[in-house]
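In my numbering, the protein residues as written are -3 to 186.
Worksheet: one structure, shown below.
Structure, rendered in structure tokens:
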């Protein structure tokens, strides 16, 4: 073997080694790039999931607030109260439907608190029924024409009396202050 051919062979071997090393370096660089991209995708997915979760929670909260506002709006149909039995039945139905729509959106850990709301709705409806009965009887006895509505003050007064009198409408003995607070919330649009 001549020196020239040896040099050529040596250069070829060195070139092959260099190419192999360079290829390995490129492979490692590509692997690092893939790992970096994987981390970026994971981080981006985590950010997306968190954003989606927050948006979902906000959407649920918005729906819950909307359902609560609908419930309050329907409750205000009793203040003043319709004296027509058909109108009263329709208003009562709307309130109960609105309550259950709202309750379905309440987190499970807070469901117990909805019992108080349901109780107060029942007190309000029962008091409104009593008010209608009183107004109808008074109108019939005096020969007056039946009024179209009953004012919020009359209903509130009757609820206030019922909750302090131990009447059957309030058998569980809760304080009338809860009902006072309920009417304050209604008045404030809460």
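Here a beta-carbon is modelled for each residue, glycine too, at the ideal position from N, C-alpha and C.
Of all the options the options, which has the alpha carbon lying nearest to the alpha carbon of residue i?
i           : options           : result
residue 56  : 98, 121, 120, 81  : 98
residue 102 : 24, 53, 28        : 53
residue 120 : 62, 88, 42        : 88
residue 62  : 80, 81, 100, 117  : 100
residue 118 : 106, 92, 104, 105 : 92
Pull up the CB-CB distance for residue i and residue j, whole angstroms please, since I reckon it's below 8 Å.
i          : j          : result
residue 67 : residue 94 : 4 Å
May I have the straight-line CA-CA distance separating residue i from residue j, to the nearest angstrom?
i           : j           : result
residue 31  : residue 65  : 50 Å
residue 188 : residue 50  : Because the chain is modelled from -3 through 186, residue 188 falls outside the range shown and cannot be assessed.
residue 60  : residue 47  : 19 Å
residue 90  : residue 42  : 42 Å
residue 175 : residue 122 : Low local confidence applies: a pLDDT of 48 at residue 175 is under 50, so the model's placement there is unreliable, and no value is given.
residue 125 : residue 58  : 33 Å
residue 39  : residue 33  : 10 Å
residue 71  : residue 114 : 12 Å
residue 81  : residue 69  : 20 Å
residue 24  : residue 35  : 16 Å
residue 146 : residue 83  : Only weak support exists for where residue 146 lies, its pLDDT of 49 falling under 50; the value from the coordinates is given anyway. Going by the C-alpha atoms only, they are around 13 Å apart.
residue 104 : residue 96  : 14 Å
residue 27  : residue 106 : 50 Å
**Request:** Return the chain-ordered ranges of every beta strand (DSSP E) run that is complete within the stretch 24 to 102 and spans a minimum of 3 residues.
**Result:** none
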